[in-house]
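Residue numbers for the sequence shown follow the working numbering, so the first one is 87 and each next one is one higher.
Using N, Cα and C, we set each Cβ at its ideal position, and we do this for glycine too.
Everything numeric in this text was worked out from a predicted model, so none of it was measured.
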Amino acid sequence: MFQKTEADADLIQRSMNYMTVFRLVLASVILAVAFGPLGQALAPEYKVFLAQATSLTYVMAALAFAWFQWRPGFTPQELARFSLMTDIVILLLVLHCFGGLGSGLVILLIFTVGIAGLLLPLQVALFFASLISIGIVFEAWLASGGDFANGPALQAGIYGIATFVTALGCSLLGRWGREYQLLAERRRDDLVGLEQVNDLIIRRMRSGVMVVDAKLEVRQMNESAWYLLGNPPVSERRLNVIAPALIERLNLWKKTGRADDEGLLLKATQAAVVPQFVRLPGVLGEATLIFLEDTSVVSRRARDLAQASLARLSASIAHEIRNPLGALSHASQLLGESPDLPAQDLRLIEIIRNHTSRMNDIVENVLKLSRRERAQIEQTNVTDWLRTLAEEFRLEHRLPEARVRIEAPRSGIEVLMDPGQLQQAVTNLLDNALRHAATDNHQPTITLRLSPIRGHREMALDIIDDGPGIPLEKRSQIFEPFFTTHKQGSGLGLFLARQLCDANQAPLEYVQIPNAGACFRILLRRSGSDSPLSQPAELANL
């Protein structure tokens, strides 16, 4: 059995609006006929008063139902039952006053029961059909003077059958219509859900996605594309203004059908991208779907594969080195305890101890990488976490507060991360800054800066020092394992920090900022970051 829904009630409400207008017009026409000369001609003299009273009652009832329709208290189904029941009673009286079955007014009754079949349950429609049939038979009996043999019985029977057939047929049509509407609403809800899922997937994609029409105007783009294009203004849609270099690749693809795989730098401040093009026929004319693949992401994937293999190999080697290294360290300690050693021999023992200690640190770091546990991501107040980390670092290294500064919003900001792993990564970066930014005449100052980027969906944690920075030719190597520029360094600090950040889906990168030394940036995901960005979302709806 078909179940009533809110949409079904809305359909009845709209239908009743039309029925209310029709009822007011019909009641006005009947009133005009009853009080006019036509009524005097159609109705016998003894029925004129009944016709006038009935028409006045119908007008007042039509006005009352119109008023009730806009007042709370009645459901559309209840109002439809009461109003159609009133229509049937009034129209039977009108039929009796103006000529009976021969007047043709039975059509209005059949129309009314058809409306009941469309809007109301079948049982109610059949009840109305029975009521009309009884009224028609009674009218035929009155017209025949109580003797059906005079002829109106056949006509009354035909009208009665027509009434039931109309009720059944309209009820079936109404049921089909409601089921079709319910199916259409379900399909609409499914499409809306799929559209929302697709929109969420596109917005969360790391690859940039944008749609360009035949006029080379941007019709839609996701957050990554907006970021790779250098955060252009939302109001600017012309591709020749946003990314003129991309037009050359697009024209080349249209002519040859092949895309150039060489990286393309759209903005000097952003990473190079590799554009891929797909034709979108029909919807927007000669529209083109453009994918912008961040080359840094591709390079990172290749690097991660190579470094994973290297880490496994290094862990095996470190495990084999650990025991001989321990024996060497123990032997040097025993040798240092020997009496009457010359100063030159003591110096050699000190060198052995220093280098065995350094080698042991390397072995421990390599084994730590191989035993790294899965990140336990949780919602963390990054502002409080950052202040606690900075305070612990100052106490450990006996630094004044001015040497490790924090620039962060006062309000608590929730991000998704593993606090323990990120603390280890940031501590490595702080140790690195403290070691490499120091000179003979300068004690470095480190700034921990927390700021929103990409429409407040991510937080950038910058670790900035005031040292000389990293030379341009060495920046591509700083995250490689065992690369170091310090004679006491193991070359695993930055590599370990990046591995820990990657495990938390928090990319670590080196960025150049003006009037500062080295700057390492960690991108943290904000909690509840599925809400659309203000600027890219506005551009996506253009």
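**OP:** Indicate the three-state DSSP secondary structure (helix, strand or coil) for residue 348 in the structure shown.
**Re:** coil
Original post:
the ligand FAD heavy atoms versus the CB of residue 418: any closer than 7 Å?
Top reply: Although the ligand FAD was asked about, the structure shown includes no ligands whatsoever.
Original post:
Can you list, in chain order, the residues of its chain whose CB lies under 6 Å from that of residue 288, leaving out five sequence neighbours each side?
Top reply: 295 and 308
**OP:** Look at the Cβ atom of residue 586, then the Cβ atom of residue 564, and state whether they are nearer than 8 Å.
**Re:** no
**OP:** Run the CB neighbour count on residue 275, radius 10 Å, all protein chains shown included, and call it buried at 16 or more, exposed below.
**Re:** exposed
Original post:
Taking only runs of the alpha helix (DSSP H) that begin and end inside the region 260-314, which ones reach a length of at least 4 residues, in chain order?
Top reply: 309-314
**OP:** For chain B, find out if any of its Cβ atoms is closer than 8 Å to the Cβ of residue 337; answer yes or no.
**Re:** The displayed structure is made up of one protein chain only, and chain B is not part of it.
Subject >> Same chain only: Cβ atoms within 6 Å of residue 87, ignoring 5 sequence neighbours per side >> reply: Unreliable positioning characterises residue 87 in this predicted model, as indicated by a pLDDT of 40, which lies under 50. A coordinate reading is not provided.
Original post:
For the beta strand (DSSP E) that contains residue 465, what are its first and last residues?
Top reply: 464-467
Subject >> Residues bridged to residue 595 (per DSSP) >> reply: 607
Subject >> Bounding residues of the beta strand (DSSP E) (the contiguous stretch that carries residue 379) >> reply: 373-380
Subject >> Reference residue 539, options 317, 561, 128 and 146, closest by Cα >> reply: 317
Original post:
The beta strand (DSSP E) spanning residue 362 covers which residue range?
Top reply: 359-366
**OP:** Going by DSSP, name the residue or residues bridged to residue 533.
**Re:** 491 and 550
Original post:
With respect to the alpha helix (DSSP H) encompassing residue 485, which residues constitute its N-terminal and C-terminal limits?
Top reply: Premise fails: residue 485 is in no alpha helix (DSSP H) and is neither H nor E.
Subject >> Cβ neighbours of residue 195 in the same chain (closer than 6 Å, five flanking residues each side left out) >> reply: 177 and 218
Original post:
Any idea which residues DSSP pairs residue 502 with across the strands?
Top reply: 465 and 611
Original post:
Thinking C-alpha only, which one of 430, 160, 148 and 185 is nearest residue 132?
Top reply: 185
**OP:** Would you identify the three-state DSSP class for residue 334, choosing helix, strand or coil?
**Re:** helix
Original post:
Under three-state DSSP, which class holds residue 570?
Top reply: coil
Original post:
Taking the continuous alpha helix (DSSP H) assigned at residue 200, which residues delimit it?
Top reply: 192-205
**OP:** Please report how far the alpha carbon of residue 520 lies from the alpha carbon of residue 553, in whole angstroms.
**Re:** 9 Å
**OP:** Specify the secondary structure class of residue 324 as computed by DSSP and reduced to three states.
**Re:** strand
Subject >> Straight-line Cα distance separating residue 342 from residue 301 >> reply: 20 Å
**OP:** Under 7 Å Cβ to Cβ from residue 246, same chain only, skipping five residues before and after it: list those, please.
**Re:** 219, 222 and 223
Original post:
What is the DSSP secondary structure of residue 626, reduced to helix, strand or coil?
Top reply: Low local confidence applies: a pLDDT of 41 at residue 626 is under 50, so the model's placement there is unreliable, with the coordinate-based value given in what follows. Helix.
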